[in-house]
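Read through the structure below, which is laid out as structure tokens, and then see the notes.
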Amino acid sequence: MRQWIKEVARGKKGAKDLTYEEAVKAAEAVSSGEATDAQVAAFLVAQRLKTESSDEVLAFLQSFQEKTAKLPLLPEIRQRCIDLAGPYTGRDTFAATIPAALLLAEAGIPVYLHSSDSLPPRNGTSLKAILSGLGIQTELSAEAVADSINTMNIGFGWTDKFCPPLAAIRHVREEIGVRTLFNTVEKLLNPGESYGIMVGVFHKTVIDVIAGLIRESGYEKGFVVQGGEGSEDLPVHRKSFLYEITKDDTQLFHVDPADYGLKHSKDAAKDKLTLQEQVTIIRAILEGEEPAELKYYRDQVLLNTGIRYYLFRMTASIEAGIELTDRQLREQQGARRLDNWRNR
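Going by UniProt numbering, the sequence shown wraps up at 344, each residue one higher than the last.
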């Protein structure tokens, strides 16, 4: 491992990107446990300071994919399954992706949600914690998660359980406390070999890297969005970019919530939610409640579910997707799906 550390930690002018083949060897040293904690920390920090190349991230992604348990999805489910890949660092803003996933599942679209326990640098509320608060079992085996998706169109995977080498270096990541290449790798492991993915990013500067990784991870189609806190959830207080990634092309378009009557002013107080607040708001929206204080969050569900219906060809337009979502919420379809998932 020392030779790879020396290459990437030569300082501002001397640091070099590893070739793909060299990065594979470094990844194997990390994933096998050959590298010590100190070496892993040194390598990750040096990469962070240098900025990881696409080949380096790809090498680590493919190495850790090989050591990740696969979800035995039925072929007809795998061909339609959507991977919703949010940030493993957690979040403070509303997790609209959870009610959106439940509504998609109720409409017949298989969905795979996943996370770990919260990680640096944000250390927000994890998807795992919110789903646990909603009564969902979040530490199931790969076989049990696959069965959930095969029968209920929805499942949650605790990635640390599926990828032991990733779990083994969690303490190192917690101790160094900075973003590393694993913040990208863990979201794209694709244990279900899903048809499509929706993943969030903070900045356009990473689009080319993410697009390449999506293509190499086995997805037929991907959508990269400028979501809140780097999530896959589009906010309702601003325009956002959205890239459609296919095997041969990358297309950009913008989403403006004002075009659909869903624009809100930014409200910092509403974007700092506790775990219990996340759970309470999700339950209320799914149960069809529509008080004024929920409108900011309900409109996020309308926008994000509606656009997913359109992107994954369930409806002919975003407007039609929003109308479908509104009807589902009024009929409490998401609440029924949550109850069935919780009690399966």
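Using N, Cα and C, we set each Cβ at its ideal position, and we do this for glycine too.
A quick note: this is a predicted structure, and the numbers were derived from the prediction, not measured.
Inter-residue distance for Ala-96 and Gln-3 is about 44 angstroms (C-alpha atoms, whole angstroms). In this structure, the straight-line span from the alpha carbon of Ala-320 to that of Leu-61 is close to 37 angstroms.
Going by beta carbons, Leu-127 and Ile-154 fall outside the 9 angstroms limit. DSSP places Phe-253 in the uninterrupted beta strand (DSSP E) bounded by 250-255. Cα atoms of Leu-103 and Gly-177: separation of roughly 35 angstroms, rounded to the nearest angstrom. Excluding five sequence positions before and after Phe-253, the CB atoms of its chain that fall closer than 7 angstroms to its own CB belong to Leu-242, given in chain order. Close CB contacts of Ile-77 within its chain, under the 7 angstroms cut and outside five residues either way in sequence, are with Pro-110, Ile-149, Asn-150 (chain order). Across the set Pro-164, Ser-118, Gly-192, Val-172, the C-alpha of Gly-192 shows the shortest separation from the C-alpha of Glu-143. Beta-bridge partners of Leu-242 (DSSP): Val-225, Phe-253. For the pair of segments examined, the stretch 167-187 was found to touch the stretch 33-40: the number of CB pairs separated by less than 8 angstroms reaches three.
Pro-235 is the residue among Arg-283, Gly-200, Pro-235 whose C-alpha sits nearest the C-alpha of Leu-262.
In the structure shown, the three-state DSSP call for Thr-180 is coil. The stretch 141-179 contains, as complete beta strand (DSSP E) runs of 3+ residues, the segments 154-158 (chain order). Of the candidates Thr-246, Gly-228, Asp-249, Gly-228 places its Cα closest to the Cα of Ser-240. For the pair Leu-140 and Thr-68, the Cα-to-Cα distance works out to about 14 angstroms. Per DSSP, His-203 has no beta-bridge partner at all. Counted as a single uninterrupted DSSP element, the alpha helix (DSSP H) harbouring Asp-339 occupies residues 333-343. Taking the C-beta atoms as reference points, Asp-55 is found no nearer than 9 angstroms to Leu-84. For Ser-115, DSSP records a beta bridge to Trp-158.
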